[in-house]
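Undergrad: Quick one: the structure is below, questions incoming.
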Amino acid sequence: MNWKSLLNSLGREAIRVLERTVQSAPRRSGTRALKPSGGEPSPYGTASAREIHLDELPRFDYVPHLDGDADPGEVVWTWVPYEDTPEMGKDRPVLVLAHLGRDLVVVQLTSKDKGNDRAEEARFGRHWIDIGSGEWDRRGRPSEARIDRLLRVGQSAIRREGGILGESVFRAVVAAVRDAHARGL
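The opening residue of the sequence shown carries number 47 in the numbering used here; numbering runs sequentially from there.
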């Protein structure tokens with residue numbers, strides 16, 4: 047047997063093993079659960095995100111790994127409080143920007159287009175950046191990240207992974223967050 051046929055044989059076997067692995071893996075419509083949800087999220091968010099104000103921003107490193115832990119560069123789902131009624135909120139996607147001790151620094155995402163309402167949103171102190179679409183939205187809708195509101199979330203409050211944001215888009219969000227922070231937004 048020559049090297050070429052040996053490599054071809056090994057390649058075919060590797061493909062067969064991968065196909066069996068993929069076929070036997072459970073399907074979760076593009077997302078991966080991180081822990082049992084125990085039903086619907088509590089409207090009072092016992093393990094929720096909370097708004098934070100930092101004198102100094104944490105280090106923002108792009109290190110996504112869909113391994114069951116939320117990492118910077120990943121879009122994950124957690125309970126996010128409403129600004130005007132913090133005891134209420136909803137389960138929504140957030141972009142992980144950094145680790146802060148054992149917690150995460152995140153920004154909330156929305157699939158509602160804020161492009162037509164930028165001036166109105168800014169009037170209320172809300173500033174958004176387009177990030178495109180990804181696996182975190184089952185319908186493939188484009189999303190926007192809110193750059194003026196940083197949230198701190200415990201790892202245990204993360205409900206599931208939604209996908210990985212591209213590095214260039216992650217860097218654009220980080221730059222916008224730094225700019226918003228520098229301008230006191």
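Even for Gly, the Cβ is constructed at its ideal location relative to N, Cα and C.
Suppose the cutoff is 7 Å on Cβ atoms and the five residues either side in sequence are ignored; what does the same chain contact list for I175 look like?
TA: E190, A191, I193, A218, V219 and A222
Undergrad: Between which two residues does the alpha helix (DSSP H) carrying S214 extend?
TA: E213 to A228
Undergrad: Give the DSSP-derived three-state secondary structure of A95 in the structure shown.
TA: coil
Undergrad: Who are the Cβ neighbours of F106 in its own chain at under 7 Å, not counting the five residues just before and after it?
TA: P118, L143, A144 and V220
Undergrad: Residues in the same chain with beta-carbon distance under 7 Å from V109, minus the five sequence neighbours each way, listed in chain order, please.
TA: D117, P118 and G119
Undergrad: Please go through the same chain and pick out, in chain order, the residues whose beta-carbon is closer than 6 Å to the beta-carbon of V126, but skip the five residues on each side of it.
TA: Excluding sequence neighbours, V126 sits near A95, G135, R138 and Q154.
Undergrad: In angstroms with no decimal places, state the Cα-to-Cα distance between R173 and S157.
TA: The sequence shown places His at residue 173, rather than the Arg named in the question. When rounded, the distance between both Cα atoms is 14 Å.
Undergrad: Name the two residues that bound the continuous beta strand (DSSP E) containing E190.
TA: S189 to R192
Undergrad: When the Cα atoms are used, what is the spatial distance from L141 to V151?
TA: 9 Å
Undergrad: Grouping DSSP H, G and I as helix and E and B as strand, with all else coil, what is D113?
TA: coil
Undergrad: In chain order, what residues of the same chain lie with their CB nearer than 8 Å to the CB of R149, ignoring the 5 residues before and after it?
TA: Per the sequence presented here, residue 149 reads as Asp, with Arg not at that position. Here the set comprises R198, V199, G200 and Q201.
Undergrad: Just confirm the distance between the C-beta atoms of G208 and E181, as a whole number of angstroms; I'd bet it's less than 8 Å.
TA: 6 Å
Undergrad: With H, G and I counted as helix, E and B as strand and the rest as coil, what does DSSP make of D107?
TA: coil
Undergrad: Of the residues P188, L231 and D183, which one's Cα is nearest the Cα of W123?
TA: D183
Undergrad: In three-state terms, what does DSSP make of R206?
TA: strand
Undergrad: Could you tell me whether the Cβ atoms of E133 and R195 are closer together than 8 Å?
TA: Not in contact: E133 and R195 (Cβ atoms no closer than 8 Å).
Undergrad: Excluding the 5 residues flanking K160 on each side, which residues of the same chain have their C-beta closer than 6 Å to its C-beta?
TA: E167, W174 and E190
Undergrad: Just curious, the beta strand (DSSP E) that R138 is in, first and last residue?
TA: G135 to L146
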